[in-house]
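Beneath this line is the structure, given in structure tokens, with notes to follow.
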Amino acid sequence: MSKNVADVLCEMLAKAGVKRCYGIVGDALNPVVDALRRNGTIEFVAVRHEEYGVFAAVAEAYFTGNPVVVCGTSGPGVVHLFNGLMDARKERAPIIAIAGDVESSILDTSALEELNPYKFFDAASLYTARLVNPEQARAVINTAILTAVLEKGPTVIAIPGDIAAADAPDQPTDFTIAAPAILRPSDTDLGKLVTMIDEAKTVAIFGGDGCREGRDEVVELACKLKAPVGYAFRGKQWLEHDNPNAVGMTGLIGYGGAYNALHEADLLLMLGTDFPFSEFLPGPSVKKVQIDKNPKHIGRRTALDLGLVGDIKSTVSALLPAVCEKTDGEFLARQLAHTESFHKQLQHYVENGPAIKPIRPEFLAATLSELASDDAMFFADTGTACIWLARHIFGGKNRRLFGSFSWASMANAAPNAFGCALAYPGRQCIALCGDGGFTMLGMGDLLTQIERRTPVVQVILNNEKYDFVHIEQQEAGFIPSGVEFKNPNFAKVAEAMGAKGIRIEDPQDVREGLAEALAYKDGPVVVDAVVDPFALAMPSHSPFHTVKGFTLSFAKQVLSGRVDTVIKEIGRNVGIV
Ligand SMILES: Cc1ncc(C[n+]2csc(CCOP(=O)(O)OP(=O)(O)O)c2C)c(N)n1
Ligand SMILES: [Mg+2]
100 MSKNVADVLC EMLAKAGVKR CYGIVGDALN PVVDALRRNG TIEFVAVRHE
150 EYGVFAAVAE AYFTGNPVVV CGTSGPGVVH LFNGLMDARK ERAPIIAIAG
200 DVESSILDTS ALEELNPYKF FDAASLYTAR LVNPEQARAV INTAILTAVL
250 EKGPTVIAIP GDIAAADAPD QPTDFTIAAP AILRPSDTDL GKLVTMIDEA
300 KTVAIFGGDG CREGRDEVVE LACKLKAPVG YAFRGKQWLE HDNPNAVGMT
350 GLIGYGGAYN ALHEADLLLM LGTDFPFSEF LPGPSVKKVQ IDKNPKHIGR
400 RTALDLGLVG DIKSTVSALL PAVCEKTDGE FLARQLAHTE SFHKQLQHYV
450 ENGPAIKPIR PEFLAATLSE LASDDAMFFA DTGTACIWLA RHIFGGKNRR
500 LFGSFSWASM ANAAPNAFGC ALAYPGRQCI ALCGDGGFTM LGMGDLLTQI
550 ERRTPVVQVI LNNEKYDFVH IEQQEAGFIP SGVEFKNPNF AKVAEAMGAK
600 GIRIEDPQDV REGLAEALAY KDGPVVVDAV VDPFALAMPS HSPFHTVKGF
650 TLSFAKQVLS GRVDTVIKEI GRNVGIV
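At position 141 of the sequence shown (counting the first as 1) the number is 240 in the working numbering, and the numbers step up by one without a gap.
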């Protein structure tokens, strides 16, 4: 039997290292799913919502580096892919989306479910193609794969069912994927940087996801320069562990001495970060150098004294032998001491946690971190889960931390954990979910986990509100509104669906409940943790407008008769940092 276009598609995707395709079947995709079935190399993972499939794919693709396929059809099913593809773009995950298209004979006639992929995917996709002629197949599929893998992001192939089912021309399906190219600044620019470093009395480093490959080199440089190392959320998992110079994160969920270190240094080296919160970066009193392999990142968050294009590993490797070692460790010691004292403050609700009801999320997260294995993978929903992940879940050489850090979509954690549970069987995959996030997307596809008996641990922060927004509204001086909702007992819901459900209401049961969840290997677990809805977390540095906003909001709430709420909010956060 001759091959059809869908066969060629599957063959090329399999050759690119694709292991899974997440999605929902239908019309135009039927020939594609049939080809996947016949090919047998790529597993089709049937989900209940296309967006869930994409978030699962993003985590798998980000960590493995292999491309992962997602699919949806036609207009509405394709639309459900979009949010996840934006996430893939921002988190830099190689995803290839197959978008089922209407029959080629009715394209551009406003047919039922017709969607123009070029317009629709414009913001998310690095390369969008419409396969309307079998002769295009090899070139289009080749480009979609190479762009996704080498530019690290999503690409889209829209394909009408009749084209997927059409005979394929006899074209070669082999291709090569180059290893990442080595990119480093010119000798002249490196020379300028060496002079700046040697002339500076004190240096601080601030790193992001770009330090992933060059982590050891960055730590070595920091040690040579006696430089404290702060990090953005996406840099935490690479730069925090086994780093004697680590001083924590800056930004709204920041902790430790990072803010001070960055502001008090003579020279700040920003390495592989596109940290978006400019107000947390120092002004002109600190000299700033940024190094990134993406030229678009250079200088867009803050004005620089020097901007260099290069990947962190090779640039820092070239820098290391050229710079003079610094001998005065006073600046570093001061920043480390500050970090240590912040860390002690952070322990307030952890140490007192067993005696505080409702359960403090700090205590819940810290206990989870303590009980989880050394190679556990943690995922946090956008919301307060991110704060507790950043502050109380410790990374390690083999631990992984992930979230929708740059796109900041809700409801990512459960699918992220599901994707990694499939890609890394035997590893603990733990999702710290908001109750808003879990009910938005996670609950429906709990059925997918159940059917496959995938051992994902979902810990739901049951605070009956969009707490992050609640905090945000107060910070901006508003009276909180539209943020509260009612929940069912999630443990009972999970049990009724066929998963293991554990409800924890009492702080005394936290350790035992989490240990039981982590030990369960026979399928998914939902831990329904009833946590304090008034838990607040302040950054290590609170900008003036934050303090002003809270004061204004509290005053407004008192004036509108919500004295009770304000007293609870203040009373429950006396040990706050
Ligand atoms: C898809 C999406 N919708 C809305 C938002 C805005 N938003 C950010 S955090 C948040 C609240 C999350 O609530 P929940 O999941 O309950 O977590 P909590 O903060 O309560 O822990 C909202 C509504 C978003 N980031 N993404
Ligand atoms: Mg919530």
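For glycine and all other residues, C-beta sits at the position ideal for the given N, C-alpha and C.
K564 Cβ short of 6 Å to ligand 2 heavy atom set: Stepping through the sequence shown from its first residue, residue 564 is reached at position 465. Yes, the beta carbon of K564 sits closer than 6 Å to at least one heavy atom of ligand 2.
Own chain residues within Cβ distance below 7 Å of E615, not counting five before or after: As a first step, residue 615 must be located in the sequence shown, where it is residue number 516. The answer, listed in chain order, is I601.
Cα-Cα separation, V415 to D631: In the sequence shown, residue 415 corresponds to position 316, counting from 1. In the sequence shown, residue 631 corresponds to position 532, counting from 1. Taking the straight line joining both Cα atoms gives about 44 Å.
Host alpha helix (DSSP H) of P216 (start-end): Along the sequence shown, read from residue 1 onward, the residue named residue 216 stands at position 117. That run of the alpha helix (DSSP H) goes 216–219.
Beta-carbon proximity list for M369, same chain, < 6 Å, skipping 5 on both sides: Reading the sequence shown from its first residue, position 270 is the one you call residue 369. Annotation for M369: F305, Q389 place their beta carbon closer than 6 Å to its own, counting only its chain and skipping 5 residues before and after.
8 Å contact criterion, which I276 and V248 should meet: CB distance rounded: The residue given as residue 276 occupies position 177 in the sequence shown. The residue given as residue 248 occupies position 149 in the sequence shown. Yes, I276 and V248 are in contact; Cβ-Cβ is about 5 Å, under 8 Å.
Closer than 6 Å: G452 CB and nearest ligand 2 heavy atom: If you number the sequence shown from 1, residue 452 lands on position 353. For ligand 2, not one heavy atom lies less than 6 Å from the Cβ of G452.
Three-way DSSP call (helix, strand, coil) for D297 in this model: Working through the sequence shown from its first residue, we reach residue 297 at position 198. Helix, per DSSP.
Coil, strand or helix - V676 by DSSP: Within the sequence shown, numbered from 1, the residue matching residue 676 stands at position 577. Legend: pLDDT at V676 = 43, less than 50; position of this residue unreliable, no value from coordinates given.
N-terminal and C-terminal residue of the beta strand (DSSP E) that C310 is part of: Stepping through the sequence shown from its first residue, residue 310 is reached at position 211. Element bounds for C310: n/a, residue is neither H nor E.
Whole-angstrom distance between D427 and A489, CA atom to CA atom: One-based indexing of the sequence shown puts residue 489 at position 390. One-based indexing of the sequence shown puts residue 427 at position 328. Cα to Cα, A489 sits roughly 30 Å from D427.
Exposure of V676, with buried meaning 16 or more beta-carbon neighbours within 10 Å: Sequence index remark: in the sequence shown, residue 676 carries index 577 (1-based). In this predicted model, V676 has a pLDDT of only 43, less than 50, meaning its place in the structure is not dependable; the value taken from the coordinates is given anyway. Burial call: buried.
Beta-carbon contacts of E339 that lie in its chain and below 6 Å, excluding the five residues immediately before and after: Mapped onto the sequence shown, residue 339 falls at position 240. For E339, where only same-chain residues beyond five positions count, the Cβ hits under 6 Å are A345, G494.
Closest by C-alpha distance to V626, when choosing among A634, R610, L635, A636: One-based indexing of the sequence shown puts residue 626 at position 527. Minimum Cα distance to V626 is reached at R610.
Interface flag, E615 vs chain E, CB-CB below 7 Å: The question asks about chain E, but that chain is absent: this structure has only one protein chain.
C-beta atoms of Q434 and G356 nearer than 7 Å: As a first step, residue 434 is located in the sequence shown; it is residue number 335 there, counting from the start. As a first step, residue 356 is located in the sequence shown; it is residue number 257 there, counting from the start. A contact, by the Cβ cut-off of 7 Å.
Cβ neighbours of G660 in the same chain (closer than 6 Å, five flanking residues each side left out): To locate residue 660, count along the sequence shown from 1; it is residue 561. For G660, where only same-chain residues beyond five positions count, there are no Cβ hits under 6 Å.
Cα-Cα separation between K647 and T172, rounded to whole angstroms: Here residue 647 refers to the residue found at position 548 of the sequence shown. Here residue 172 refers to the residue found at position 73 of the sequence shown. If you take the alpha carbons of K647 and T172, they lie about 49 Å apart.
Spatial distance of G371 from A187 (CA atoms): Taking the first residue of the sequence shown as 1, we reach residue 371 at position 272. Taking the first residue of the sequence shown as 1, we reach residue 187 at position 88. If you take the alpha carbons of G371 and A187, they lie about 18 Å apart.
G518 beta carbon near ligand 2 (any heavy atom closer than 6 Å): Here residue 518 corresponds to residue number 419 of the sequence shown, with the count starting at 1. Checking the Cβ of G518 against ligand 2 gives no.
Status (buried if at least 16 other CB within 10 Å, exposed otherwise) for Y217: The sequence position of residue 217 within the sequence shown is 118, counting from 1. With fewer than 16 other Cβ atoms within 10 Å, it is exposed.
Near ligand 1: S763 beta-carbon under 6 Å from a heavy atom: Residue numbering for the chain in the displayed model covers 100 to 676; residue 763 lies beyond these limits and cannot be assessed.
V255 (DSSP reduced to helix, strand or coil): For the purposes of this step, residue 255 is taken as the residue at position 156 of the sequence shown. Of the three classes helix, strand and coil, the one that applies to V255 here is strand, per DSSP.
C-beta atoms of P97 and P233 nearer than 7 Å: Nothing in the structure corresponds to residue 97, since the chain is present only between 100 and 676.
Integer Cβ distance of A127 from I296, believed to fall under 8 Å: In the sequence shown, residue 127 corresponds to position 28, counting from 1. In the sequence shown, residue 296 corresponds to position 197, counting from 1. The Cβ separation is near 56 Å, so there is no contact.
CB contact flag (E250, L225, <7 Å): Here residue 250 refers to the residue found at position 151 when the sequence shown is read from its first residue. Here residue 225 refers to the residue found at position 126 when the sequence shown is read from its first residue. Yes.
N- and C-terminal bounds of the beta strand (DSSP E) containing F143: Reading the sequence shown from its first residue, position 44 is the one you call residue 143. Counting along the chain, the beta strand (DSSP E) containing F143 begins and ends at 142–145.
Three-state class that DSSP yields for Q527 in the structure shown: Taking the sequence shown and counting its residues from 1, the one referred to as residue 527 is at position 428. Under the three-state reduction of DSSP output, Q527 falls in the coil class, being neither helix nor strand.
Member of L245, H437, G309, I458 whose CA lies at the smallest distance from the CA of H396: Indexing the sequence shown from 1 puts residue 396 at position 297. If you compare the alpha carbons of L245, H437, G309, I458 with that of H396, the shortest gap goes to G309.
Residue ranges of each alpha helix (DSSP H) within the region 357–431, 4 or longer: The region 357–431 contains these whole alpha helix (DSSP H) runs: 357–363, 411–418.
Per DSSP, cross-strand counterpart(s) of L500: In the sequence shown, residue 500 corresponds to position 401, counting from 1. Under DSSP, the beta-bridge partners assigned to L500 are F477.
Beta strand (DSSP E) segments (min. 3 residues) lying fully within the region 573–656: The qualifying runs are 599–603, 624–629.
Span of the alpha helix (DSSP H), counted from its first residue to its last, around V555: The residue labelled residue 555 in the question sits at position 456 within the sequence shown. For V555, there is no enclosing alpha helix (DSSP H); the enclosing beta strand (DSSP E) has its first and last residue at 555–561.
Paired residues, beta bridge with K564 - DSSP: Translated into the one-based positions of the sequence shown, residue 564 becomes position 465. In DSSP, K564 forms a bridge with E583.
Near ligand 2: G535 beta-carbon under 6 Å from a heavy atom: In the sequence shown, residue 535 corresponds to position 436, counting from 1. The answer is yes for G535.
The region 542–552 / the region 585–601 touching (three or more Cβ pairs under 8 Å): Verdict: yes, contact present.
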